[in-house]
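Under this note's numbering, think of the first position of the sequence shown as 104, with each following residue one higher. Below is one structure, written out as structure tokens; comments come after it.
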Amino acid sequence: MKILSYNIRGLGGKAKKKEISILVNKWKVDACCIQETKLEKVEEKLCKRLWGRRNLGCAFKSEEGRAGGLITIWNDDKFQKLSSWDSEGILVVNGIWKEDGKRCTFVNIHAPNNARQRWELWDTLTALAEQCE
Numbered sequence: 104m105k106i107l108s109y110n111i112r113g114l115g116g117k118a119k120k121k122e123i124s125i126l127v128n129k130w131k132v133d134a135c136c137i138q139e140t141k142l143e144k145v146e147e148k149l150c151k152r153l154w155g156r157r158n159l160g161c162a163f164k165s166e167e168g169r170a171g172g173l174i175t176i177w178n179d180d181k182f183q184k185l186s187s188w189d190s191e192g193i194l195v196v197n198g199i200w201k202e203d204g205k206r207c208t209f210v211n212i213h214a215p216n217n218a219r220q221r222w223e224l225w226d227t228l229t230a231l232a233e234q235c236e
């Protein structure tokens with residue numbers, strides 16, 4: 104399984120969208136987690152442009168203020184989404200990896216700069232990890 108994780112620091116420009124698409128296709132990734140998109144709204148059309156191939160699934164979390172925004176895109180031939188949820192700075196996608204039938208969870212994170220908020224994020228992640236055990 105190949106996963107690309109990229110803090111793009113703003114996905115509004117054409118050059119950054121092209122950069123993601125080139126990386127996704129060059130490395131033939133199975134999933135891509137993008138942080139700090141700074142987008143208020145994400146449409147499937149954008150995910151298709153970034154993925155550059157057919158057979159994709161995607162989930163997103165809009166920006167929070169002037170920061171944040173998460174997008175997770177995956178190869179729909181290899182991963183079957185069962186559920187997803189988000190919280191401040193977190194986008195989680197649960198499913199089945201089709202090649203072996205095992206459960207798989209993508210956790211896309213953008214940690215805040217504020218120390219208190221970062222601790223709250225880690226508490227949330229710890230609780231999530233405990234649920235998976």
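Ideal Cβ placement from N, Cα and C applies to all residues, glycine included.
(request) Classify K164 as buried or exposed, calling it buried when 16 or more other Cβ atoms lie within 10 Å of its own Cβ. (result) Locating residue 164 in the sequence shown gives position 61, where the first residue counts as 1. With 16 or more other Cβ atoms within 10 Å, it is buried.
(message) Would N211 and T175 be called neighbours here (beta carbons separated by less than 7 Å)?
(response) For the purposes of this step, residue 211 is taken as the residue at position 108 of the sequence shown. For the purposes of this step, residue 175 is taken as the residue at position 72 of the sequence shown. Yes, they are a contact pair.
(request) Kindly indicate which residue of L126, K117, Q138, M104 has the alpha-carbon position closest to the one of H213. (result) Against the sequence shown, residue 213 aligns to sequence position 110. Closest by alpha carbon: Q138.
(message) Can you tell me whether T208 is helix, strand or coil according to DSSP?
(response) Counting from 1 along the sequence shown, the entry for residue 208 is found at position 105. Strand, per DSSP.
(request) Specify whether the segment 223-236 and the segment 124-132 touch according to this definition: at least 3 beta carbon pairs, one from each stretch, less than 8 Å apart. (result) no
(request) Given a cut-off of 7 Å, decide if L107 and V145 are closer than it, judged by their beta-carbon atoms. (result) Along the sequence shown, read from residue 1 onward, the residue named residue 145 stands at position 42. Along the sequence shown, read from residue 1 onward, the residue named residue 107 stands at position 4. In this structure, L107 does not lie closer than 7 Å to V145 by Cβ.
(request) State the DSSP-derived secondary structure class of K184, mapped to helix, strand or coil. (result) In the sequence shown, the residue the question calls residue 184 occupies position 81. DSSP places K184 in strand when its eight states are reduced to three.
(message) Quick check: the Cα distance between R157 and K151, rounded to an integer number of angstroms?
(response) Counting from one through the sequence shown, the residue named residue 157 turns up at place 54. Counting from one through the sequence shown, the residue named residue 151 turns up at place 48. About 7 Å.
(message) Determine whether the beta carbon atoms of D180 and L159 lie at a separation below 7 Å.
(response) Within the sequence shown, the letter at position 77 stands for residue 180. Within the sequence shown, the letter at position 56 stands for residue 159. No, these two residues do not count as a Cβ contact at 7 Å.
(message) In the DSSP output, what is A134 paired with across the bridge?
(response) Taking the first residue of the sequence shown as 1, we reach residue 134 at position 31. Note: A134 sits in a beta bridge opposite I106, W177.
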